[in-house]
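Okay, so the sequence shown: first residue is 4 according to my numbering, each after it adds one. Cβ atoms here follow ideal geometry from the backbone N, Cα and C, with glycine treated the same way. Please read all numbers here as calculations on a predicted model, not as lab measurements.
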Amino acid sequence: MVQKLLDGYRRFRATTWPENSRHFETLAKNGQAPDSLVITCVDSRVDPVMIFDAAPGEMLTVRNVANLVPPYTPDDTHHATSAALEFGVRVLKVRHVIVLGHALCGGVHSLLENAADDKHEFIRPWMSIAEPARALALQAPAAERRRSGEHEVIRLSLDNLMTFPWIAARVGDGNLKLHGAWFDIANGEMLVMQPDRSFAPVR
Ligand SMILES: [Zn+2]
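Structure (structure tokens):
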């Protein structure tokens with residue numbers, strides 16, 4: 004095992020676990036009932052549990068390259084993100100789905116620059132989900148393009164969530180709300196998507 008990770012685990016067992024063991028015991032006994040499902044990027048600098056100051060049991064997290072939600076495509080290929088959505092929405096009945104994008108997203112950068120070359124086996128077809136976001140972002144001035152792309156990807160993922168009939172139904176009957184947010188790694192600021200689909204800082 005990786006020594007650094009084992010050292011971290013020992014610190015967890017020595018300090019974090021004794022402080023939280025009762026909470027974990029309750030979760031083990033009663034099962035989980037998270038209120039929210041967060042879809043975010045695999046980026047190591049974006050940790051939704053830390054950003055939302057959440058405890059174990061509070062939120063499901065789904066991580067993929069560039070926090071993308073694919074359109075509803077029920078076929079027999081391997082849909083990791085759609086399976087996680089199905090588990091969260093249909094089985095655990097979360098009340099909120101949050102798409103959390105972020106600054107300096109490598110996936111969005113590769114999308115805008117067409118940088119995912121042919122030696123990548125999975126990144127390019129995965130990022131093709133975001134082609135409509137790319138087209139919109141390229142209309143922005145060059146200096147704003149990357150942030151525009153990061154915001155457009157969030158809007159696109161929210162639109163794609165609504166192509167899942169069981170998500171649209173729960174949104175329609177008021178049992179599920181969809182949200183967009185964007186985290187700025189350099190200064191810790193989070194912007195939240197407004198009803199007009201613009202992004203504004205949390206006050
Ligand atoms: Zn990213």
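Strand pairing of residue i, partner residues [DSSP]
i	result
T19	DSSP output for T19 lists no bridge partner at all.
W183	Note on identity: in this sequence residue 183 is Gly, with Trp being the wrong assignment. Paired residue(s): V102.
F202	M196
Chain-order list of residues whose beta-carbon lies under 6 Å from that of residue i (same chain, five-residue window excluded)
i	result
A143	S151
P128	none
Per-residue DSSP class, three states only, for residue i
i	result
H112	helix
F55	coil
I188	coil
L107	coil
D165	Note that residue 165 is Met in the sequence shown, not Asp. Reduced to three states, the DSSP call for M165 is coil.
L40	strand
V68	helix
L9	helix
L159	helix
heavy atom of ligand 1 below 6 Å from residue i C-beta
i	result
D46	yes
G110	yes
A106	no
A171	no
A69	yes
Short CB-CB distance (under 7 Å) between residue i and chain B
i	result
D176	Protein chains in the displayed structure number just one, and chain B is not present.
Own chain partners of residue i with C-beta closer than 8 Å, once the 5 adjacent residues on each side are dropped
i	result
G91	P37, L40, L63, V65, V97 and V100
V174	M165, K180 and L181
A171	M165
Subject >> Given 8 Å, three or more beta-carbon pairs between the segment 24–42 and the segment 61–71 >> reply: yes
Subject >> Three CB pairs or more closer than 8 Å across the segment 158–168 and the segment 108–117 >> reply: no
Original post:
Can you find at least 3 beta carbon pairs, one from the segment 125–142 and one from the segment 41–60, that sit closer than 8 Å?
Top reply: no
**OP:** Could you tell me whether the segment 12–28 touches the segment 74–83, where touching means 3 or more Cβ pairs closer than 8 Å?
**Re:** The answer is no - the segment 74–83 does not touch the segment 12–28, with fewer than three Cβ pairs under 8 Å.
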